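One structure is given below, encoded as structure tokens.
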Amino acid sequence: MSQQSKATGSEPRGKGKFAVKSAVRTLTLFEVFAQHRTPLSLSELARALDIPLSSCHGLVGTLQKEGYLYAIGERRRYYPTRRLFDLATAITSNDPTLELLLPHLEALRDRCDETVILGTRQGLAVLYLNVIEGNQTIRYSANTGDMKPLHSSAIGKALLGELEESELLPILNKIERPAITPNTLTEPDTLVADLEAGHRRGYFVTRGENVADVWAVARVAHVAGEALGVAIAGPARRMEENLAECVSLLTDCCVTIEAGFQGEV
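Letter by letter, the sequence shown follows residues 2 to 266 of the numbering used here.
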């Protein structure tokens, strides 16, 4: 296992029904800078984005004109300005849901010392609203904004488990259910049985179903009438050994969230 059990099984970027190519390219460009963490030339950006050099030139020129990129040196390498950071800070610092829930999620992370995730259902996928990584060297790692499949993620199962059968079955028939790992549940009957079992016990588990060497446990917290999924995820061996404790800590966290914040967001 690597230093971090990195998230896989994500929804592909830019393949949705309403994806706008130029918007996807712009977002991906900033992700490229986040990955490389160094100024990049036009040709390097074009290769990373897999787009023609002329298209990359237009994209970079627009972002430079709007103050999001600046050129460095005679070789014309580019790097983001702080403008995007300042905008993101202004937005996230005023997110009413995250502002209220963050202390509880951080406390849960500190108690279990594994990665804690907050997510919601967006269309036919799970959107990670916040990821608070554990402090252990070997841990599950993911990114805020990641999209995960409903059928193979713990939060996805928890959110599906909230639905009535009349709502659930059409969604299961509509979503793709690829075998992301050998442990992924892909058959509707098997998945429904697993969701029913999770609903009865009050929490939902994935055992290497989205990332082969990662287990996760999740349940739903209701905030102002909205169902949000909270999960604890970590390396399979450690999670299996500490599953009962993680379930207890997760339950306490969700109960506290519902008792203290329902109706305030």
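For every residue, glycine included, the Cβ atom is placed at its ideal position computed from N, Cα and C. The structure presented is a predicted model; accordingly, all values stated were derived computationally and were not measured.
Rounding to the nearest angstrom, what Cα-Cα distance links residue i and residue j in this structure?
i: residue 180; j: residue 187; result: 6 Å
i: residue 246; j: residue 228; result: 23 Å
i: residue 145; j: residue 94; result: 15 Å
i: residue 50; j: residue 59; result: 13 Å
i: residue 64; j: residue 112; result: 43 Å
i: residue 52; j: residue 27; result: 12 Å
i: residue 169; j: residue 193; result: 9 Å
i: residue 1; j: residue 44; result: Beyond the ends of the chain as shown, which are 2 and 266, falls residue 1; an answer cannot be given.
i: residue 126; j: residue 79; result: 34 Å
i: residue 76; j: residue 91; result: 33 Å
i: residue 152; j: residue 183; result: 14 Å
i: residue 178; j: residue 210; result: 11 Å
i: residue 30; j: residue 46; result: 7 Å
i: residue 185; j: residue 199; result: 16 Å
i: residue 230; j: residue 25; result: 26 Å
i: residue 219; j: residue 87; result: 33 Å
i: residue 258; j: residue 107; result: 12 Å
i: residue 160; j: residue 253; result: 18 Å
i: residue 96; j: residue 48; result: 35 Å
Relative to the C-alpha of residue i, which candidate in the options has its C-alpha closest?
i: residue 109; options: 48, 136, 189, 46; result: 136
i: residue 39; options: 121, 62, 22, 72; result: 72
i: residue 204; options: 232, 238, 82, 211; result: 232
i: residue 174; options: 162, 81, 190; result: 190
i: residue 213; options: 68, 69, 24, 154; result: 154
i: residue 243; options: 225, 206, 261; result: 206
i: residue 132; options: 260, 70, 234, 261; result: 234
i: residue 85; options: 96, 223, 69; result: 69
i: residue 57; options: 83, 96, 22; result: 22
i: residue 140; options: 161, 238, 158; result: 238
i: residue 121; options: 115, 224, 256, 195; result: 224
i: residue 163; options: 202, 104, 83; result: 202
i: residue 142; options: 81, 255, 114, 165; result: 114
According to DSSP, which residues form a beta bridge with residue i?
i: residue 205; result: 219
i: residue 131; result: 119
i: residue 235; result: 216
i: residue 41; result: 79
i: residue 126; result: 123, 150
Measuring only from the beta carbon, is residue i closer than 7 Å to any heavy atom that is part of the ligand ZN?
i: residue 166; result: Looking for the ligand ZN in the displayed structure turns up nothing, as the structure carries no ligands at all.
Would you kindly report the start and end of the unbroken beta strand (DSSP E) that includes residue i?
i: residue 225; result: Neither: residue 225 is in no beta strand (DSSP E) and is coded neither H nor E.
i: residue 81; result: 78-81
i: residue 117; result: 116-123
i: residue 150; result: 148-150
For the alpha helix (DSSP H) holding residue i, just list the boundary residues, first then last.
i: residue 157; result: 155-161
i: residue 174; result: 166-175
i: residue 28; result: 22-37
For residue i, would you say it is in contact with chain C, using Cβ-to-Cβ distances shorter than 8 Å as the test?
i: residue 66; result: This model lacks chain C altogether; it includes just one protein chain.
query = Which runs of the beta strand (DSSP E) fall wholly inside the region 46-114 and span at least 3 residues, in chain order?
reply = 70-73, 78-81
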